[in-house]
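Trainee: Protein sequences, first through last, are from chains P and C.
Okay, so the first sequence: first residue is 40 according to the numbering used here, each after it adds one.
Okay, so the second sequence: first residue is 578 according to the numbering used here, each after it adds one.
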Amino acid sequence: MLWIALRPCAPPDASPSAHEPPPPSPEQQALAWWALGFSPRVCVLEEAVLLEAGASLRLFGGQRALLQRLRDELAPAGGTGLAVAPTALAALALLRTLPPADAGATTSAVIPAVSCPARRLTAMLDALPLAQLSATQAHAPVLARLGCRTLGHLRALPRGGVSRRFSAALLEALDRAYGQRPEVYEWIELPEQFSARLEFNGRIEVAEGMLFGARRLLQQLAGWLLARQRGVLAITLHWEHDLVRRGELHNGHLDVRTAEATRDITHLARLLSEHLARLTLPAPVLAIRLDATETEALQTTSASLLPEELRQGEPLPQLIERLSVRLGADRVLRGQLLADHRPQHMQAWRPAGEGAVNSKPPALPQHLQLHPPWILRIPLRLAMQGERPLYQGPLLMLAGPERLESGWWSLLSSAEAEGEELAQRDYFVARSPQAGLLWVYRRRSAGEPAWFLQGMYG
Amino acid sequence: MSAALRLVLPAHSPDELAGVWRADQLQQVPQAVLSSGHAELDAELPGGGWPLGQLTEVLQLQSGQHEWRLLLPALKCAVAQGPLVLIGAPLLPHLPALAAAGIPAAQLLRIDARTPAERLWATEQVLRCRDLGALLAWLPQARPEQLRRLQLASTTTQALVFAFRPEAARHESSPAPLRLTLRTAPDEQGLSVELLKRRGPVIDRPLTIAAPLPVMAALRKRRPLKDPGHAVDRPATLRPARRQPVSA
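1. Counting C-beta neighbours from all protein chains within 10 Å, is the total for residue 224 of chain P 16 or more, i.e. buried, or is it exposed?
2. Could you spell out the range, first to last residue, of the alpha helix (DSSP H) harbouring residue 251 of chain P?
3. Pull up the DSSP beta-bridge partners for residue 466 of chain P, would you.
4. Under 8 Å: do the stretch 162-174 of chain P and the stretch 208-219 of chain P share three or more Cβ pairs, one atom per stretch?
5. Helix, strand or coil: which one does DSSP assign to residue 332 of chain P?
6. In three-state DSSP terms, what is residue 471 of chain P?
7. Candidates C/753, C/745 and C/730: which alpha carbon is nearest residue 702 of chain C's?
8. Beta-carbon of residue 676 of chain C versus every beta-carbon of chain P: anything under 8 Å?
9. Leaving out five residues before and five after residue 788 of chain C in sequence, what residues of the same chain have Cβ atoms less than 7 Å from its Cβ?
10. Would you check whether the ligand NAD has a heavy atom nearer than 7 Å to the C-beta of residue 177 of chain P?
11. Please list, in chain order, the chain P residues whose beta carbon lies closer than 8 Å to that of residue 827 of chain C.
12. Is the beta carbon of residue 690 of chain C less than 8 Å from the beta carbon of residue 372 of chain P?
13. According to DSSP, is residue 622 of chain C part of a helix, a strand, or is it coil?
14. Count the other CB atoms within 10 Å of the CB of residue 419 of chain P; is the residue buried (16 or more) or exposed (fewer)?
15. Run down chain P in chain order and give the residues with a C-beta less than 7 Å from the C-beta of residue 706 of chain C.
16. Listing by chain order, which chain P residues have their CB less than 7 Å from the CB of residue 703 of chain C?
17. Reducing DSSP to helix, strand and coil, say where residue 270 of chain P ends up.
18. I want to see whether chain C comes within less than 8 Å of residue 295 of chain P, judged by CB atoms only; does it?
19. Note down, in chain order, every chain C residue with its Cβ under 7 Å from the Cβ of residue 414 of chain P.
20. If you measure from the beta carbon of residue 314 of chain P to each beta carbon in chain C, is any gap under 8 Å?
21. With distances taken Cα to Cα, identify the nearest neighbour of residue 503 of chain P among P/445, P/89 and P/388.
22. Anything in chain P within Cβ reach of residue 688 of chain C, meaning under 8 Å, just list it in chain order.
23. Would you mind telling me which residues of chain C sit closer than 7 Å to residue 410 of chain P, beta carbon to beta carbon, in chain order?
24. Taking residue 765 of chain C as the reference, give the member of C/786, C/719 and C/680 with the closest Cα.
25. Using a Cβ cut-off of 9 Å, pull out every chain P residue sitting near residue 645 of chain C, in sequence order please.
26. How many Å lie between residue 494 of chain P and residue 433 of chain P at the Cα?
27. For residue 257 of chain P versus residue 307 of chain P, is the C-beta spacing smaller than 8 Å?
28. Would you decide whether residue 330 of chain P is buried or exposed? Buried here means 16 or more other CB atoms lie within 10 Å of its CB.
29. Check whether chain C comes within 8 Å of residue 249 of chain P, counting only Cβ atoms and requiring the distance to be less than that.
30. For residue 40 of chain P, which three-state DSSP category applies?
31. With C-beta atoms as the reference, is residue 44 of chain P less than 8 Å away from residue 227 of chain P?
32. In the DSSP assignment, find the unbroken alpha helix (DSSP H) run with residue 700 of chain C in it and report its ends.
33. Spell out the partners DSSP gives residue 372 of chain P in its beta bridges.
34. Go ahead and pull the three-state DSSP assignment for residue 609 of chain C.
35. Secondary structure at residue 149 of chain P, three-state DSSP: helix, strand or coil?
36. What first and last residue would you give for the alpha helix (DSSP H) that runs through residue 827 of chain C?
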């Protein structure tokens, strides 16, 4: 058995009189969810969070590696202290010997930790003062007048007398701490749906200010996702204004979606910050709540035996999402080939964030490689010099015409749209003295004939 | 005396040191390159091709001219590794023609960033992507310090990175290890490439590269276009036009 006691950053006031354990505080809950990433056996005991990691040692590479990792990751998860012992009560008692975390301490400070190996458990507990165990703390004044100041003194008293004079519960707690009786706890279970709320100490005036709190909630989400083996597809950030009670305002919310299920909190935080940066709050915010609205089971890759090349950087879908959020989804585009004969309808551009279109690309006729690589979205009408079209100088026709007559159906639907016409065109390859090879066409349909620039051989 | 000197001097000649090359030689330090597909150009580029993970600056008189002719052979290889990203392209890429030339439409990403700040931001973000194959960015108003940022960001990738800028910028200092100007060759057929800066000796004559597009071969051979297109009301042939202006 390896019990690890973790101290949350703001320990709630221990209420020794309460017989029913109070519901875990939000800090405890966050820490417990995080601890679930290391062991399925996590419980909340008084002011601390305890996890039994005996079965997880091999997975994390041994006790030393696990403890090192816990110490490294504890501060961002909201913990301020760590104690290791063979029994839960001993770990808790040890945790109480740690110096209290000062409120102004930065998160980067070294986490205080204390550890007790199994063979030294009795000696170590014997030396602890009575106040370290909740069960003995209640009787500490009486015991002190008897001359008992440490747990060792108490244990040296005759058991029958102690049981009669104080209570059987005291002996029971003592035995549990020394590992002479089994310990029974109620393990923490994760809720089916993730929803976490955070109240700010002050009023948040700007939208970006919510990001700090949202990051803490995202960390809880990370723990939840890790323990549930899931990835998140959509999250919703709700915020509460203080004027809502008067009915003047509605609480706001923000939906963030990702293209593929992710557990990457930094990516979610970046997406949130991009969204929040464009938001103006109508009133100060008092609290936020983060819901995971859509999750799915996430297949994670197992670690490789061979050292492989670590690829730095972010994957393409994440990049597309971030660009789409900042610039707008309609400006990060991926092309799709369409089967059409009119050059400007041979392709369609869709937001890349919508994912790849799975339709089969149309077969490309051979002559398409003679088309120019650049094309004008709206053909440019060319000025004329007599009967010769001009584009940075008079054009010299090199080849053509290639006659095109297509698109009658567009007349039926959206004839008014720009450039939509019955395409009756003769295409030529032309050379301009300045602009090089051009792809131009002559309009043959109704009205006066006119020349247009369609593409450039760039 | 000379024996004593030999004792004092290190045994290595400068040629054997990594990262040191003589000014009259091309840099032979192994660096990741991708062949440009033009033999004349490869012979003059350090390492024998376009550098990967380095910013290459292409200066043009007019944007939209000759980019594809110069880069298509290399881009064809690069899109096998990852997507080709265009930022602030002056014109719309014609996907069917590019697909026929070997760049699949699904591998092309167009970012329509308009302001200079947006373009720089998007370029830097794209350079952080680990899947990137090639990046073409049109940055007409970038300042040297901004280009330095991009050059630093480029070194984290293994992609082709090209920045297109106006030729007026040739006298500005630039952190790009490779700079070149791109023009039409005097014979109006090929490309004229002047290497303004490279890791190697100064080269003062412009290189002429054929870099033909398929349409040029067709023009030269004057062979008929085989087009079975059913929307064409008569067989389309690519025949020589009259030298006279074509009457409407």
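Glycine is no exception: its CB is placed at the ideal position from the N, C-alpha and C atoms.
Note that the coordinates shown come from a computational prediction; the quantities given were computed from them, not determined experimentally.
Mentor: In this structure, then:
1. With fewer than 16 other beta carbons inside 10 angstroms of its own, residue 224 of chain P counts as exposed.
2. Counting along the chain, the alpha helix (DSSP H) containing residue 251 of chain P begins and ends at 249-267.
3. Looking at the DSSP assignment, residue 466 of chain P forms a beta bridge with P/441 and P/480.
4. Contact holds: three or more Cβ-Cβ distances are below 8 Å.
5. DSSP places residue 332 of chain P in strand when its eight states are reduced to three.
6. In the structure shown, residue 471 of chain P sits in a strand (DSSP, three-state: E or B).
7. Ranked by Cα distance from residue 702 of chain C, the first of C/753, C/745 and C/730 is C/730.
8. Closer than 8 Å: yes.
9. If you ignore the 5 residues before and after residue 788 of chain C, its C-beta comes within less than 7 Å of the C-beta of 615, 646, 647, 767 and 768, all in its own chain and listed in chain order.
10. Absence of the ligand NAD from the depicted structure is noted, as is the absence of any ligand whatsoever, leaving it without description.
11. Residue 827 of chain C cannot be examined here, being either before or after the span of chain C that is shown, 578 to 825.
12. No.
13. Note: residue 622 of chain C maps to coil in three-state DSSP.
14. Classification for residue 419 of chain P: exposed.
15. The contact set of residue 706 of chain C on chain P, defined by CB atoms closer than 7 Å, consists of 352, 353, 355 and 358 in chain order.
16. Near residue 703 of chain C (Cβ distances below 7 Å), the residues of chain P are 358.
17. Note: residue 270 of chain P maps to strand in three-state DSSP.
18. Not one chain C Cβ lies under 8 Å of residue 295 of chain P.
19. Near residue 414 of chain P (Cβ distances below 7 Å), the residues of chain C are 668, 669 and 671.
20. No, its Cβ sits nowhere closer than 8 Å to a Cβ of chain C.
21. Nothing can be reported for residue 503 of chain P, as the shown portion of chain P is limited to 40 through 497.
22. Against residue 688 of chain C, the close residues of chain P are 362, 366, 370, 371 and 372, in the order they occur along the chain (beta-carbon pairs closer than 8 Å).
23. Contacts between residue 410 of chain P and chain C, judged by CB atoms closer than 7 Å, involve 671, 673 and 674 in chain order.
24. For the options C/786, C/719 and C/680, the alpha carbon positioned closest to that of residue 765 of chain C is the one of C/786.
25. The contact set of residue 645 of chain C on chain P, defined by CB atoms closer than 9 Å, consists of 411, 412, 413, 496 and 497 in chain order.
26. Counting only the Cα atoms, residue 433 of chain P lies some 16 Å from residue 494 of chain P.
27. Note that the C-beta distance between residue 257 of chain P and residue 307 of chain P is below 8 Å.
28. Buried.
29. So, not an interface residue.
30. If DSSP states are grouped into helix, strand and coil, residue 40 of chain P belongs with coil.
31. Their beta carbons are not under 8 Å apart, which means residue 44 of chain P does not touch residue 227 of chain P by this criterion.
32. Where residue 700 of chain C is concerned, the enclosing alpha helix (DSSP H) stretches over 693-704.
33. P/390 and C/687.
34. Here residue 609 of chain C sits in coil by DSSP.
35. Per DSSP, reduced to three states, the secondary structure at residue 149 of chain P is coil, with no helix or strand assignment.
36. With chain C represented from 578 up to 825, any question about residue 827 of chain C goes unanswered, as that position is not in the structure.
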